[in-house]
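When the letters of the sequence shown are read in order and numbered with the UniProt record's numbering, they come out as residues 1 to 305.
We put the CB at the ideal spot given by N, CA and C, even for glycine.
Small disclaimer: the values here were computed from a predicted structure and weren't measured.
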Amino acid sequence: MTDQSTHEVGHKSTLPVGKILASARTEQGMTTDMVAARLCLTENYIKALEAGNFEVLPGDTFIRGYLRNYADIVGLNGEELVRLYIDQQDIARQHAEAQNSEKNTSHGNSKLVLIAIVIIALVAVVVVSLEDGEEPAPQVPSSIESSDEALSESGVESTATADEIVAEESSATEQDLEVNEAVEETSQEIEAIESVNDEPATETEVSVSAADDEVSVESESLPALATEALSFTFNGDCWYQVVDATGAKLAERSKSAGETSVVEGVPPFTVTLGDTTVVDVMYEGEKVDLTAYYARKSARFQVGE
1 MTDQSTHEVG HKSTLPVGKI LASARTEQGM TTDMVAARLC LTENYIKALE
51 AGNFEVLPGD TFIRGYLRNY ADIVGLNGEE LVRLYIDQQD IARQHAEAQN
101 SEKNTSHGNS KLVLIAIVII ALVAVVVVSL EDGEEPAPQV PSSIESSDEA
151 LSESGVESTA TADEIVAEES SATEQDLEVN EAVEETSQEI EAIESVNDEP
201 ATETEVSVSA ADDEVSVESE SLPALATEAL SFTFNGDCWY QVVDATGAKL
251 AERSKSAGET SVVEGVPPFT VTLGDTTVVD VMYEGEKVDL TAYYARKSAR
301 FQVGE
């Protein structure tokens, strides 16, 4: 039976492992719900395995266990099927990475083109701005030159012009004094407003500190959940999963013969075993009875209810 099964898997190695299982199930005259009952799984899990929708299943370790047990039921070589699954997953992963690399390269080229366009546009704007800002030097009107000549000829007119300049300077000095006084008054008003605004800020800091103290007191008053220990002794190869009452996943891996494991969490624990016949489970110093699951091997049950 083993040689025939191995030959069948190798002959169909170009097909996805899910289709190989579905074909073997059909040849055995079995339905998906019959296989689900034998494996102690939901029918949706069986359909996901056959369709290759592995992302909806618990994890790679569990998928390999499901494939191995499914193959045993329909007369295929489980180890050969698992190796084929690993090879097909590697090929799919490499294909996805190649596609992502091509997308990233294309996206990077598009970004470079966009950046180049933006730089060219900015350079054009700067050049236009510089050209607009270059104005010709103002020419001295001829009327001013003639006025200077007239002033040099008339001393009376020069004296009058000097008096006007002195008067303008005095007026400018008075205006500067008025501006300085206005600035000083404005600065004093701003300082007064800032000193008033500083007081409520101190009150806010005090209230925030008090709120922090209340939060810390409430956090310290919360009771801690009691935890219990669950131990496993493996007499053969088996994958297992343990989830506690809080939903925390305490363990999910494969173990070999002779290995042990101890997990701690909040009971009750939800335990899933790939092969109940090779595992001893201890809870509160007592051995958990698993004989009811020996016929199906794999099982999901609760401990510490």
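Contact set for residue i: own chain, Cβ-Cβ below 6 Å, skip 5 residues either direction
i      : result
PHE269 : LEU230, VAL242, ASP244, VAL303 and GLY304
LEU225 : VAL266
SER146 : Note that SER146 scores 46 on pLDDT, short of 50, meaning its location in the model is unreliable; the coordinates nonetheless yield the value given after this. Taken in chain order, the list of residues that qualify is empty.
GLU284 : none
CB contact flag (residue i, residue j, <8 Å)
i      : j      : result
ARG253 : THR272 : no
LEU39  : ASN69  : yes
GLU264 : THR233 : no
LYS287 : VAL281 : yes
ALA51  : LEU57  : no
Assumed close pair residue i, residue j - CB separation to whole angstroms, cut-off 8 Å
i     : j     : result
GLY78 : ASP87 : About 15 Å; that fails the 8 Å criterion.
ARG64 : TYR85 : 7 Å
ALA24 : GLY75 : 7 Å
Beta-carbon proximity list for residue i, same chain, < 7 Å, skipping 5 on both sides
i      : result
GLU43  : THR32, ASP33 and ALA36
ASP275 : GLY236, CYS238, LYS297 and SER298
VAL17  : LEU67, LEU81, LEU84, TYR85 and GLN88
LEU130 : none
ALA248 : GLY265
8 Å CB neighbourhood of residue i in its chain, flanking five on each side removed
i      : result
ALA116 : none
GLU27  : VAL74
Output the residue ranges of the beta strand (DSSP E) runs that lie fully inside the region 224-253 and measure 3 residues or longer, sorted by chain position. 228-234 and 238-243
Do the region 230-239 and the region 253-262 make contact, defined as three or more Cβ pairs closer than 8 Å? yes
Could you pull out every unbroken alpha helix (DSSP H) segment of at least 4 residues lying fully inside the region 33-115, listed in chain order? Runs found: 43-51 and 60-73.
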